[in-house]
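Residue numbers (the working numbering): 1 to 430.
The beta-carbon is built from N, C-alpha and C at its ideal position, and this holds for glycine as well.
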């Protein structure tokens, strides 16, 4: 049976109690034992899994990843992982609905979380003081445009926070001119600020002439513009932050460049976090019904098609597992990069103080369902949760995990998403 620890109890007290004088009754030792994570990364890969090839072996605290399994490439990070099995998206099934509910928990404008995705909700809570409230990196997410099937982050109900698919564009936004042309960069900066002023004025005027729902969406767009303007004008990075190298020019939408684009985006993401540019970042690999063909892994059929191969098609399943292992290798690379960087704000490594959430939108991909959706969390000594464990649940609502993620970042909330489906945090994480 999973037990609720002292940190779980403290985090679950709720906002009203945390703000009350009773908090002072907690000893300094108890409060020191609650090291909230300073930042969060959401890492998404599509099309569910095949549980028998994903599932670890062993017990909660003594487990391994079997040879050839999806998670085996993460073996060197075992002590930094929380592997969670058996979480359900309640009353949700199939690709599009899974994508839309994965990070929102089915919340609406009336929910405590306001219908935002967990990354955007946390960005408003912990990201206000950073140069960028949040940063969204993508790897070929926009081949099919911006739809429910291609977007996972929401800044308001029905309002996408779209990722940047081009590493070159992402670099320019973060670090300025490509190739050191400061004159051109200054001109571009002035042009962008001028355009922002124009658009802000037009949106402000329009908001006076529309209904309540439309006005709310316009206000969200205005807030996004304010954040963009801050990114153009505030200091680039923390003192002591190393310089960054511009990504090589490439066709970022070419299938063969999928690995190179992803690697460049991960490097930029880690640099942005390490330099204090943001506290909330996400990396979205493709989207549900992903069409990429993993030729670099020796596979010649699209990822989505492979994800639906039945057990009798042993070659098809084996090729899907090759693709999933490749994604696990990318997750391991991200954790390696975080371990290699010093936290300039508090010492230790970046992984020590960062919570990383690997999320998927489906459970068993062959059934098109959102049952037992696999989640992996990673972090270190100051990332709130107790890592190095394999936790098995039986149909627990994934809203509980999203609630616990908020707690891990020091944001007390009673439930995240649709409160009618679930309330409270997920047992056993702390």
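Strand pairing of residue i, partner residues [DSSP]
i, result
"residue 101", "For residue 101, which the question treats as bridged, DSSP gives no partner whatsoever."
"residue 392", "85"
"residue 109", "Answer is none; residue 109 lacks a bridge partner."
"residue 39", "354"
"residue 160", "154"
"residue 369", "93"
"residue 430", "Answer by DSSP bridge pairing: none, since residue 430 is not bridged."
"residue 377", "82, 357"
"residue 293", "302"
"residue 45", "Residue 45 pairs with nothing; no bridge assigned."
"residue 285", "139"
"residue 342", "349"
"residue 397", "88"
Backbone secondary structure at residue i - three-state DSSP
i, result
"residue 305", "helix"
"residue 52", "helix"
"residue 154", "strand"
"residue 326", "helix"
"residue 57", "strand"
"residue 410", "coil"
"residue 136", "strand"
"residue 362", "coil"
"residue 245", "coil"
"residue 478", "Residue 478 cannot be examined here, being either before or after the span of the chain that is shown, 1 to 430."
"residue 26", "Here residue 26 scores only 36 on pLDDT, less than 50, and its place in the model is too uncertain to base an answer on."
"residue 63", "strand"
"residue 349", "strand"
"residue 314", "helix"
"residue 332", "helix"
"residue 123", "helix"
"residue 238", "coil"
"residue 31", "Note that residue 31 scores 35 on pLDDT, short of 50, meaning its location in the model is unreliable and no value can be drawn from it."
"residue 271", "helix"
"residue 172", "helix"
"residue 432", "Look at the range of the chain in this structure, 1 to 430, and you will see that residue 432 is not part of it."
"residue 387", "coil"
"residue 419", "coil"
"residue 208", "coil"
Environment of residue i [buried if 16+ CB atoms lie within 10 Å]
i, result
"residue 29", "Unreliable placement is indicated for residue 29, whose pLDDT of 40 sits below 50; the coordinate value is still reported in the next sentence. Burial call: exposed."
"residue 247", "buried"
"residue 239", "exposed"
"residue 62", "exposed"
"residue 163", "buried"
"residue 292", "buried"
"residue 35", "buried"
"residue 403", "buried"
"residue 85", "buried"
"residue 418", "buried"
"residue 276", "buried"
"residue 425", "buried"
"residue 374", "buried"
"residue 101", "buried"
"residue 209", "exposed"
"residue 60", "exposed"
"residue 256", "exposed"
CB of residue i within 8 Å of CB of residue j, strictly
i, j, result
"residue 356", "residue 378", "yes"
"residue 416", "residue 105", "yes"
"residue 348", "residue 382", "yes"
"residue 264", "residue 167", "yes"
"residue 109", "residue 115", "yes"
"residue 431", "residue 288", "No statement about residue 431 is possible, as the shown extent of the chain runs from 1 to 430 and does not include it."
"residue 320", "residue 50", "yes"
"residue 380", "residue 78", "no"
"residue 128", "residue 161", "no"
"residue 47", "residue 290", "yes"
"residue 326", "residue 297", "yes"
"residue 131", "residue 342", "no"
"residue 323", "residue 274", "no"
"residue 332", "residue 270", "no"
"residue 58", "residue 390", "yes"
"residue 433", "residue 118", "Summary: the structure shown does not reach residue 433, with the chain confined to residues 1 through 430, and so no result is reported for it."
"residue 308", "residue 365", "yes"
"residue 413", "residue 280", "no"
"residue 384", "residue 37", "yes"
"residue 153", "residue 282", "yes"
"residue 93", "residue 369", "yes"
"residue 268", "residue 174", "yes"
Chain B contact for residue i (CB, 8 Å cutoff)
i, result
"residue 310", "Here there is only one protein chain, and chain B is not present."
Residue i beta carbon near the ligand GDP (any heavy atom closer than 7 Å)
i, result
"residue 303", "For the ligand GDP, the structure offers nothing, since it holds no ligand at all."
Take every Cβ of the segment 81-96, pair it with every Cβ of the segment 346-353, and state whether three or more of those distances are shorter than 8 Å. The segment 81-96 makes no contact with the segment 346-353, as fewer than three CB pairs between them are under 8 Å.
Does the count of Cβ pairs from the segment 300-320 and the segment 248-267 closer than 8 Å reach three? No, they do not touch.
Can at least three beta-carbon pairs, one atom from the segment 131-151 and one from the segment 256-271, be found at a separation below 8 Å? Taking 8 Å as the limit for Cβ pairs, the verdict is that the segment 256-271 does touch the segment 131-151.
Between the segment 51-60 and the segment 68-81, can you find at least three pairs of beta-carbon atoms closer than 8 Å? Yes: the two stretches touch, three or more of their Cβ pairs being nearer than 8 Å.
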